[in-house]
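I have placed the structure first, in the form of structure tokens, so that the comments after it can refer back to it.
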């Protein structure tokens, strides 16, 4: 005899009981039930006696429902390779992911006894994390793996329902990516993996907020091109990125003979600094003014913010190359400069020297300059026509 024990309610004797077991059809999946199972004996007088019995528990499971989709991806970031497996949770059953070296022998929708599915690969360990929209995510390391097949299986009520599968192919990335700017062009170089013949090159304008490069697939206004190894070895790789700062990514690409499908490596990431705005300056004598006045004219090739500047005067025929090689005779505060709208400033030249040279420099304390006169985003150059 089998009796379902009530949780705070009345016990209920089950009608469907035989020597092999019992059936309780009035249950809800996922809820645990307790039962007392007793042996029934017939006494000599014909009356029935029950044993003390044992108490057992049962947890009914839903019939398995198919997993509708499965994806396996590698993150864009470097470090230890970890595959991200994700799927949409089915309406019934418990999902496990099995991993093997080859494709599964069963098509999606095949219903097996639960133990039979263990013949394929091994279960990926770990607990899946729920996410928005019913998506489940499971991560697993794939060190030293070049390819792996993943299969979603739904278990329930002693059965296994075969779901979708996905294959992950790992591709060795390029190494030692270097990016340098030449005018408005980015020149790229890298070391190819053995046997690699194609690379995907992506560039996009840098985030004005200066955030990390992140995943190239999420870059906005990205430009994607293919670089063949033979072409790279002949001419290198050049990108027309314009004057602004840019992000760059290079992925090794494998593809089949039909040039379809294939796989990409993790990206090698780089960046291109913004090109310095070129600001040219020119001195000339002031017109219709008394002797001893001069004019400084500044022009820019694109909109820029000028740092504070100084005009340096040096007696003689030698041009000053640094502010300390002469006397500061005029100071110019920081200001914006637009292309096509020269900035014209008049100033006085001290008397006493019939021969002298003039030069313009960032003011002491302004951003440091290189040999080209660069001031961060500004390159200050003397016009050859200058007085």
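Residue numbers (the UniProt record's numbering): 1 to 387. Glycine included, every Cβ here is placed at the ideal spot set by N, Cα and C. Please read all numbers here as calculations on a predicted model, not as lab measurements.
Comparing C-alpha distances from residue 194 to each of 160, 35, 1 and 171 shows the shortest one belongs to 171. Bounds of the alpha helix (DSSP H) holding residue 231 are 229-235. Taking 8 Å as the cut-off, the beta carbon of residue 140 is found no closer than this to the beta carbon of residue 128. 359 is the residue among 359, 60 and 97 whose C-alpha sits nearest the C-alpha of residue 383. Among the bridge pairs identified by DSSP, residue 156 is matched with 159.
Residue state for residue 308 is assigned as coil, using DSSP reduced to three classes. For the pair residue 274 and residue 101, the Cα-to-Cα distance works out to about 47 Å.
Around residue 245, the same chain offers 205, 206, 271, 272, 273 and 274 as residues with beta carbons nearer than 8 Å, after the five sequence neighbours per side are excluded. When the five nearest sequence neighbours on each side are left out, the beta carbons in the same chain lying within less than 6 Å of the beta carbon of residue 112 are those of 160, in order along the chain.
Between residue 57 and residue 33, the CB-CB gap stays under 8 Å.
Going by beta carbons, residue 55 and residue 41 fall outside the 8 Å limit. With a beta-carbon spacing of about 26 Å, residue 313 and residue 336 fall beyond the 8 Å limit used to define contacts. DSSP, reduced to helix, strand and coil, places residue 113 within a strand of the structure shown. Beta-bridge annotation (DSSP): residue 108 is not paired with any residue. The beta carbons of residue 251 and residue 264 sit closer together than 8 Å. For residue 329, the enclosing beta strand (DSSP E) stretches over residues 327-332. Nearest neighbour of residue 386 by Cα position, chosen from 319, 331 and 334, turns out to be 319. DSSP places residue 119 within a helical segment (H, G or I) once states are collapsed to three. For residue 178, same chain residues with a beta-carbon under 6 Å away, outside a window of 5 residues either side, are 189 in chain order. As a beta-bridge residue in DSSP terms, residue 188 pairs with 179 and 237. According to the DSSP assignment, residue 343 belongs to the beta strand (DSSP E) that extends over 343-348.
In the pairwise beta carbon analysis, the region 60-69 is classified as touching the region 152-167: at least three pairs are separated by under 8 Å. Of the candidates 230, 200 and 59, the residue whose Cα lies closest to the Cα of residue 253 is 200.
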